[in-house]
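Report on one structure; see the data block that follows.
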Amino acid sequence: MAQTADLVVAQANPGRTFSVPFTRTGICDEAFPAVREVLASGWVTTGQQVLDFEREFAEHVTARHAIAVSSCTAALELSLRGLHLPAGSRVVMSTNTFCGAASAIQHAGLRPVLADVDPTTAMPSAQTISAAVAEVGGVSAMVVVHLAGLPTDVEELAAAAGLGLDRVVEDAAHALGTFVGDRAVGSISRATCFSFYATKNLPIGEGGMVTTDDDELAESVLRARMHGMSRDAWKRYLPGGGWRYDVEDDGLKANMTDLQAAIGRAQLRSFGRTQDRRGQIAARYDARIAGIPGLTLPLRPLTGRHAWHLYAVRVGDSFGPGRDEVITSLAARGIGTSVHFIPLHHLAWYKRSCLHPAGGFPGAEGVYQQTLSLPLDHVMSDADVDAVCDALTEIGESR
Ligand SMILES: *Cc1c(COP(=O)(O)O)cnc(C)c1O
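Position in the sequence shown counted from 1, then plus 69, gives you our numbering.
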């Protein structure tokens, strides 16, 4: 699998090879025979593996239902559609997140309202949410992101938006393994959406999951992920399956394949181990970076649990070189990094199509200038972490 990950990195950074890439897709050994078995079975699309992955995933996050889909973006769209809101209803979300959530809102026929973030958490606070909501005269729903895997208080944000948790969809693309207080992300709000994209902390390559305790929403997502066809239409090619089906609702083609599910099941079994490793890496970074002047460590939660999907520092003015210069200098030393995120109001389409607070986004602007995501995946070594920290020390001293 290292080969595939190298290919991804090479494509993202043409002409450059990294000794410590920003992220590598670590696939556990168990996944290889599992995929071979699916390939040999004669059934590779949605089937028993998907059903088993859904059951195991639901248990893992203690949700009643889990519905496997093709991506977190599809999970968000189908969950939002499942709220059955009037077309054009407003949905508040962070400006400091990935564009997938905004596009999901739009594809569900709804209108994103961008909220500013608190400069310390890089996520919306009760204040920034209520300010954005007051400005547009109320919202019908909210998408909450746990940025980098740091828990955010979903209930508090919902209250600030004047909403119940039944109108909240969580974007948990960073948050498999995150706990808000003593609750695993996955059963807190109406629907929670996970990503298994190549860079995430349970990587498959592509894939997503909706978890919910709501039977009706689960049924709606299940139907809509497969063209809106009647529930078990995928079984029509299995022995005993009939050819008849109905299309009961508007839908997408967003099912997960058994190949993906077989990888996902294996990855889920090793998830405790890979998360422990992420925690160790974050602790090692903390210990080293605490001694580098001008760099601020990522926030640790007072309660709950961080999933360490990302390890993002802030490059302060006193560091010397600015964030962009640090990225270039690290790349010259063979170290890959990234920025999470370019705020949505900086992206041409979302600038045009989303509702914005009149006061702008002072919190998000500050975060965007300084934030830097360092290499993090569960396959990196202690020596990799040290190489990144040595390079940062050198770059800081070179000003
Ligand atoms: C990656 C990501 C997504 C999209 O996930 P896909 O599975 O690629 O659709 C959504 N939200 C956030 C915050 C992400 O980082």
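Glycine included, every Cβ here is placed at the ideal spot set by N, Cα and C.
Note down the Cα distance separating residue i from residue j, rounded to an integer number of angstroms.
i, j, result
"residue 221", "residue 369", "11 Å"
"residue 178", "residue 274", "28 Å"
"residue 403", "residue 364", "20 Å"
"residue 406", "residue 422", "30 Å"
"residue 338", "residue 139", "20 Å"
"residue 389", "residue 361", "11 Å"
"residue 78", "residue 427", "The pLDDT assigned to residue 78 is 47, lower than 50, so where the model puts this residue is not dependable; a value taken from the coordinates is nonetheless given after this. Distance between the alpha carbons of residue 78 and residue 427: 39 Å."
"residue 184", "residue 424", "9 Å"
"residue 224", "residue 276", "27 Å"
"residue 74", "residue 371", "Low confidence applies here, because residue 74 scores a pLDDT of 46, under 50, leaving its location unreliable; read the following figure in that light. The straight-line gap from Cα to Cα measures roughly 34 Å."
"residue 240", "residue 134", "16 Å"
"residue 128", "residue 281", "12 Å"
"residue 71", "residue 153", "In this prediction, residue 71 has a pLDDT of 42, which is less than 50 and means its spatial position is unreliable; nothing more can be read from the coordinates."
"residue 250", "residue 374", "8 Å"
"residue 392", "residue 465", "11 Å"
From this set, the options, which residue's C-alpha is nearest residue i's C-alpha?
i, options, result
"residue 366", "208, 310, 449, 380", "380"
"residue 269", "291, 218, 305", "218"
"residue 378", "458, 361, 344", "344"
"residue 229", "194, 290, 263", "194"
"residue 458", "394, 355, 432", "355"
"residue 92", "461, 466, 454", "454"
"residue 332", "271, 304, 298", "271"
"residue 189", "431, 446, 460, 451", "431"
Indicate whether residue i and residue j have their beta-carbon atoms separated by less than 8 Å.
i, j, result
"residue 318", "residue 292", "yes"
"residue 481", "residue 335", "Any answer about residue 481 is impossible in this case: the structure gives the chain only from 70 up to 468."
"residue 205", "residue 182", "yes"
"residue 442", "residue 409", "yes"
"residue 161", "residue 202", "yes"
"residue 210", "residue 158", "yes"
"residue 165", "residue 191", "yes"
"residue 299", "residue 130", "no"
Examine ligand 1 and report whether any of its heavy atoms sits within less than 7 Å of the Cβ of residue i.
i, result
"residue 141", "yes"
"residue 266", "yes"
"residue 240", "yes"
"residue 277", "yes"
"residue 465", "no"
"residue 333", "no"
"residue 61", "The first residue shown for the chain is 70 and the last is 468, placing residue 61 beyond what the model contains."
"residue 101", "no"
"residue 243", "yes"
"residue 89", "no"
"residue 126", "no"
"residue 122", "no"
"residue 169", "yes"
"residue 166", "yes"
Q | Contact between the stretch 143 to 150 and the stretch 249 to 269 (3+ Cβ pairs under 8 Å) | A | They touch, by the three-pair rule.
Q. Is the number of C-beta pairs between the stretch 306 to 323 and the stretch 117 to 131 that are closer than 8 Å three or more?
A. no
**Q.** Contact between the stretch 382 to 400 and the stretch 431 to 449 (3+ Cβ pairs under 8 Å)
**A.** yes
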